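Going by the numbering used here, the first residue of the sequence shown is number 189, and it counts up by one from there.
For reference, the structure discussed in these notes is given below.
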Amino acid sequence: MLSSLPNSITSPAWWQLINWIGDPIGFQQRYSQKYGDIFSMHLSGMGSYVIIGNPQAIQEIFNQDSKFDIGRGNDLAMPLIGQNSLMLMDGGRHRRERKLLMPPFHGEKLQVYAKQICLITEQIASHWEVGQTFITRSAMQKVSLEVILQIVFGLSQGERYEQLQPLLTAWLDMTDSPLRSSMLFLRFLQKDWGMWTPWGQMKQRQRQVHNLLQAEITEKRTKQDNYGSDVLSLMMAATDENGQAMSDEELKDELLTILFAGHETTATTLSWAFYQIHRHPDVLEKLQHELESLGNNNNLMEINQLPYLTAVCQETLRMYPVLPILFPRITKSSMKIAGYEFDAETTFLISNYLVHYREDLYPDAKQFKPERFFGRQYSPVEYLPFGGGSRRCLGYALAQLEMKLVLATILSKYQLVLAEDKPVIMQRRGFTLAPKGGVRMMIAGKLK
Ligand code: HEM
């Protein structure tokens with residue numbers, strides 16, 4: 189019941205829906221100013237949601253993780269990633285799948301990927317000419333797509349790679365604006381009437397991607413020494429406690445999940461990092477100084493430990509959470525959170541955006557200040573760019589490593605400047621938020 193939810197927004201539900209899809213940041217700013225850090229929105233055709241920007245309430249939710257369904261709240265993503273995706277699972281099935289998927293993204297495996305990430309970045313930047321301008325987000329998307337194709341799918345050349353690479357880019361670019369993103373939220377637009385409808389094109393591309401991935405999996409299975417060091421090979425070799433391996437359908441859906449969850453997110457965050465670093469010459473200078481202090485040391489994992497570079501990435505992730513809210517948490521039975529009584533089937537949307545802009549935690553929150561991370565330690569409910577609880581981002585270690593290695597590789601070789609003076613704002617791109625216009629930059633010189 190709408191009225192039983194705390195601090196309900198009173199404007200019509202269709203108006204809230206348009207605003208939420210079109211401008212999720214403005215929406216949250218406006219209503220948090222009016223109602224505080226817990227309020228409820230009602231979206232036409234989609235239901236009611238309680239938005240939470242209060243760290244104590246978030247702690248209460250994380251502490252009672254098993255009392256929420258999370259996977260089924262992600263059903264909007266099902267048409268893209270398929271029903272066998274980790275993101276859509278709950279309970280024991282989700283725990284089993286996470287266990288199978290976790291190892292390739294952590295520990296010593298990361299060292300193997302570090303070299304590949306630097307080589308990919310160097311290769312893509314090697315085409316840059318002094319005086320040329322480029323859209324940072326597109327360049328970073330090339331890097332992060334290549335990282336997924338090589339490290340996760342195990343593809344770097346050959347006919348299948350040549351087909352997948354442009355196909356994936358075209359597929360992902362289909363939701364590159366708020367208007368084009370609306371087909372993900374409005375089910376009546378999800379009609380497959382062939383290639384002349386946007387949804388038809390989306391589904392057609394998806395079928396092509398599926399066929400290529402199936403061919404890759406089949407080929408790997410038939411090879412004698414089928415298991416390489418890529419994530420797909422590790423996923424194919426992994427078994428659960430009953431000796432059960434993942435089926436082809438599961439493998440394909442998980443590959444698409446990793447592609448969707450891992451590629452746009454990292455590319456977008458990197459483009460914000462380039463933007464802020466080049467708006468603040470003192471930040472750029474400190475970073476370059478820190479990178480020079482490494483000398484010719486080739487241990488790439490040391491780059492991962494650099495304190496100032498780490499703080500710059502943390503501050504970028506704070507100011508620009510690519511997912512403006514975490515996955516929906518749906519109560520399985522009635523419960524009390526932050527002193528309010530909630531019925532079963534209440535959906536909570538934890539807003540990392542609202543938490544990251546709290547002045548009590550982050551003074552001058554609108555200012556880019558990497559140093560704030562030297563001054564104090566933030567708890568997991570005060571700083572949550574990768575979410576938390578049982579759903580914490582699977583790729584958080586890879587994402588941070590990738591960000592640092594790409595920044596270090598480019599900043600130590602190229603002198604870049606922002607090509608435009610005007611401030612860049614966040615704009616919806618599918619389920620994520622990205623810089624409007626993608627941040628245009630110019631190559632002003634080469635350093636080495
Ligand atoms: C800067 C980059 C990234 C950001 C900001 C980010 C952020 C997030 C967030 C906020 C969540 C939801 C957590 C929650 O609701 O508590 C999530 C989930 C997830 N992320 Fe990431 N992510 C990034 C990169 C990656 C990468 C590189 C991968 C894979 C290689 C990845 C794979 C996933 C997966 C599979 C989930 C679902 C986890 C589950 O349902 O158990 N992410 N991410």
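Even for Gly, the Cβ is constructed at its ideal location relative to N, Cα and C.
As the structure is a computational prediction, the values presented were derived from the model and not from experiment.
Fully enclosed alpha helix (DSSP H) runs of no fewer than 4 residues occupy 266-269, 279-289, 297-313 of the region 254-325, in order along the chain. In chain order, Glu-452, Thr-453, Thr-456, Val-510, Leu-511 place their CB closer than 7 Å to the CB of Thr-620, counting only its own chain and leaving out the 5 sequence neighbours on each side.
His-451 sits in coil when the DSSP states are folded into three classes, being neither helix nor strand. For Asp-418, the number of other beta carbons within 10 angstroms of its own is at least 16, and it is reported as buried. Beta bridge pairing from DSSP links Pro-623 with Met-614. Note on the region 475-506: whole alpha helix (DSSP H) runs with a minimum of 4 residues are 488-491, in chain order.
Rounded to whole angstroms, the separation of the alpha carbons of Arg-286 and Ala-433 is 13 Å. Between the C-alpha atoms of Met-275 and Val-318 there is a straight-line separation of about 43 Å. Excluding the 5 residues flanking it on each side, Asp-278 has same chain C-beta neighbours closer than 7 Å at Asp-257, Ile-258, Gly-259, Arg-260, in chain order. Cβ contact annotation for Asn-195 (same chain, cutoff 7 Å, sequence separation greater than five): Tyr-223, Gly-224, Ile-226, Phe-227, Ser-228, in chain order. Each of Arg-580, Gly-583, Tyr-571 was checked against the Cα of Gln-502, and the nearest Cα belongs to Tyr-571. For the pair Ile-308 and Ile-336, the Cα-to-Cα distance works out to about 11 Å. Bridge pairing for Met-630: Thr-321, Val-605 [DSSP]. Counted as a single uninterrupted DSSP element, the alpha helix (DSSP H) harbouring Lys-391 occupies residues 386-410. For the region 540-566, the continuous alpha helix (DSSP H) assignments of 4+ residues that do not extend past its boundaries occur at 540-544, 560-563, in sequence order. Of all alpha-carbon atoms in Asp-470, Gly-431, Thr-406, Arg-467, the one lying nearest the alpha-carbon of Leu-439 is that of Thr-406. Membership of Arg-218 in any beta strand (DSSP E) is not indicated; the residue belongs instead to the alpha helix (DSSP H) covering 212-223. At least one heavy atom of ligand 1 falls within 7 Å of the beta-carbon of Leu-586. The secondary-structure analysis by DSSP pairs Val-238 across a beta bridge with Ser-228, Phe-536.
With fewer than 16 neighbouring CB atoms inside 10 Å of its own CB, Ile-613 falls in the exposed class. Just measuring C-alpha positions, the residue of Val-331, Ser-578, Gly-626, Gln-615 sitting nearest Gly-450 is Val-331. Under DSSP, the beta-bridge partners assigned to Lys-524 are Glu-529. Distances from the CB of Ile-465 to the heavy atoms of ligand 1 are all 7 Å or more. For Arg-517, the enclosing beta strand (DSSP E) stretches over residues 517-519.
The DSSP-derived three-state label of Ala-426 is coil.
A straight-line Cα-Cα distance of about 7 Å links Ile-305 and Glu-590. Closer than 7 Å to some heavy atom of ligand 1: that does not describe the Cβ of Thr-498.
About 7 Å separates the beta carbon of Ile-240 from that of Leu-537, a gap short enough to meet the 8 Å contact definition.
The C-beta distance from Phe-515 to Ile-269 rounds to 13 Å, too long to meet the 8 Å contact threshold.
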